[in-house]
Amino acid sequence: MYIKRRIKFILHTRKKGDFIHGRNLGIRMRVSYSGNTPLDFPIGHHIDVKDWDTKNECALEGITNKAGQTSSDINRILDEYRSYMNEIFARYELIEKRIPTTQEVKDLFKSMTRHASPGLSEMEENLFMIFDNFTREMCEKNQWTPSTYENFVALKNHFMMFDPNLSFRNANDDKMQEYVNYLTKKGFRNTTIAKSLAFVRWFFRWAANKGYYKGTIHQTFKPKLKGVDGNSKEIIYLTQEEIRSLQNYKFKSYETALERVCDVFLFTCFTGLRYSDVAKLKRSDIKDGFIHVVTQKTADGLIIELNKHSQAILEKYKDMNFPNDKALPVVSNEKMNEHLKRLGQVCGIDEPQRVVYFKGSIRYEEVYPKWALLTTHCGRRTFVVTALQLGIPAEVIIRWTGHADYKSMKPYVKIVDELKERSMARFNDL
């Protein structure tokens with residue numbers, strides 16, 4: 341949803357003639373939304389009328405007010421306040437999915453701007469401001485993708501909705517357990533909570549190294565969450581028979597988009613590349629039967645040999661021109677996931693798949709046809725499982741896929757071991 345709103349900055353006048361002869365007038369942010377009575381928020385800065393740009397709602401360049409604040413100081417605060425207010429509405433649009441009350445807007449804005457209030461400038465009271473610094477620094481240092489950045493924006497939003505007054509001073513193991521309980525009540529799965537906590541520990545570890553935080557929750561807070569060890573997680577992959585069904589499907593003349601999605605997906609099944617790496621793969625990255633790629637997620641440099649299947653797909657598109665010298669016709673991840681489900685349906689990939697997950701201590705089990713669970717990442721999983729079934733050592737597969745270590749391969753090894761056990765059991769029917 342989108343909440344229609346208007347945010348503007350005005351000079352506060354007490355009587356009619358103040359604006360004409362006004363000196364040292366207070367600046368206010370006026371927020372109007374969804375037919376509510378406009379809200380006024382004092383900025384804490386004053387300015388003469390002659391120094392105010394009414395059209396652009398900011399201080400004129402090069403001025404200094406009576407408190408010694410320059411136009412840069414004043415305009416920076418205006419930008420921050422506008423950003424805070426837009427963030428408040430974004431939270432209700434994306435998370436709460438409702439229009440906030442005026443009191444909720446006031447309370448949340450107050451909590452977000454506490455660090456700018458007199459007497460509360462201590463670092464331990466600046467958790468949300470420091471979190472913004474952390475996000476900016478890590479984003480630039482690690483060249484985050486938009487999706488990674490959005491994960492940390494979501495984390496900050498969760499923190500804000502959990503406790504707008506959260507600070508380094510009151511952040512401890514008990515407080516973090518309250519946060520876990522909050523997310524559980526919100527209906528999040530344990531796997532999602534575990535991922536959120538990994539981000540939380542990263543932030544507090546960074547804050548501790550910077551001297552902002554004196555506690556140890558990044559070291560000590562490790563709650564036991566059911567179903568997050570990977571043992572209950574179903575890894576969705578295609579069998580060799582299902583791969584052949586995709587390869588042998590005869591596309592209609594009007595199914596060009598579906599055919600291209602199929603080819604790109606099969607390419608991931610035969611190379612182990614992530615969607616993000618296939619999406620940016622250029623023809624210049626392919627030389628003498630090898631793919632040379634620096635992965636977007638981990639920045640690892642990988643060299644992957646082409647086999648006859650992946651080579652055939654590249655050959656199919658070698659004479660077609662795609663933007664930025666791309667090797668394959670890759671659509672957005674969202675569109676590709678939609679097409680994959682349709683593709684799975686028409687190819688009869690409908691083996692029932694059990695999905696097990698936990699919310700708190702409660703176990704949930706759901707069953708879906710496999711096509712309903714197909715995503716771009718299933719191609720990479722298919723590659724790993726197929727390679728293990730073919731007897732290729734895990735150490736070699738790691739060199740192709742860039743997995744961190746053997747530990748990350750254990751879920752796939754478990755799958756192959758189970759397949760071997762079921763295959764051996766067939767001898768019992770002889």
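Per my numbering, the sequence shown starts with residue 341, numbered consecutively.
The beta carbon of each residue, even a glycine, is placed where N, CA and C say it ideally should be.
Simplified DSSP state of residue i, which is helix, strand or coil
| i | result |
| --- | --- |
| Arg703 | strand |
| Pro504 | coil |
| Thr722 | helix |
| Gly684 | helix |
| Asp757 | helix |
| Gln517 | helix |
| Asp569 | coil |
| Phe605 | helix |
| Arg431 | helix |
| Phe349 | strand |
| Phe381 | strand |
| Asp419 | helix |
| Lys627 | strand |
| Thr410 | strand |
| Arg600 | helix |
| Phe492 | helix |
| Pro440 | coil |
| Arg476 | helix |
| Lys526 | coil |
| Tyr594 | coil |
| Thr716 | coil |
| Lys564 | coil |
| Arg749 | In the sequence under discussion, the amino acid at residue 749 is Met, which differs from the Arg named in the question. Helix at Met749. |
| Asp769 | helix |
| Ile583 | helix |
| Val671 | coil |
Residue i, enclosing beta strand (DSSP E) - first and last residue
| i | result |
| --- | --- |
| Ile576 | Run containing Ile576: none; DSSP gives neither H nor E here. |
| Met341 | No beta strand (DSSP E) holds Met341; DSSP gives it neither H nor E. |
| Val371 | Leu365 to Tyr373 |
Segment limits, alpha helix (DSSP H) that includes residue i
| i | result |
| --- | --- |
| Val736 | Ala734 to Thr741 |
| Leu654 | Lys648 to Lys656 |
| Asn510 | Element bounds for Asn510: n/a, residue is neither H nor E. |
| Ala548 | Asn530 to Lys550 |
Within-9 Å CB hit, residue i to chain E
| i | result |
| --- | --- |
| Lys550 | Of the chains in the structure shown, none is chain E; there is only one protein chain. |
Exposed unless 16 or more other CB atoms sit within 10 angstroms - verdict on residue i
| i | result |
| --- | --- |
| Ala407 | exposed |
| Ile347 | buried |
| Ile643 | exposed |
| Phe449 | buried |
| Asp294 | The chain is shown only over 341 to 770; residue 294 falls outside these bounds and no answer can be derived. |
| Leu730 | exposed |
| Ala765 | exposed |
| Met341 | exposed |
| Arg720 | buried |
| Leu621 | buried |
| Pro692 | exposed |
| Gly555 | buried |
| Asn510 | exposed |
| Ala734 | buried |
| Tyr594 | exposed |
| Val670 | buried |
| Asn505 | exposed |
| Phe471 | buried |
| Pro486 | exposed |
| Val604 | buried |
| Tyr615 | buried |
| Val736 | exposed |
| Phe429 | buried |
Beta bridge counterpart(s) of residue i as assigned by DSSP
| i | result |
| --- | --- |
| Val633 | Leu642 |
| Val695 | Glu706 |
| Trp711 | Per DSSP, none; premise fails for Trp711. |
| His558 | None; His558 has no bridge partner. |
| Cys398 | Asp393 |
| Lys622 | Lys666 |
| Phe386 | Note on identity: in this sequence residue 386 is His, with Phe being the wrong assignment. Answer by DSSP bridge pairing, in chain order: Gly366. |
| Thr404 | Thr410 |
> Between the segment 670-685 and the segment 543-563, do at least 3 Cβ pairs fall closer than 8 Å?
Replying inline: no
>> Within 8 Å, do at least three Cβ pairs link the segment 414-421 to the segment 481-500?
In response: no
> Is the segment 694-711 close to the segment 585-593, with three or more CB pairs under 8 Å?
Replying inline: no
> If you pair each beta-carbon of the segment 417-430 with each one of the segment 379-387, do three or more pairs fall below 8 Å?
Replying inline: yes
> Between the segment 605-614 and the segment 655-664, do at least 3 Cβ pairs fall closer than 8 Å?
Replying inline: no
> Does the segment 552-567 come within contact of the segment 705-722, defined as at least 3 CB pairs closer than 8 Å?
Replying inline: no
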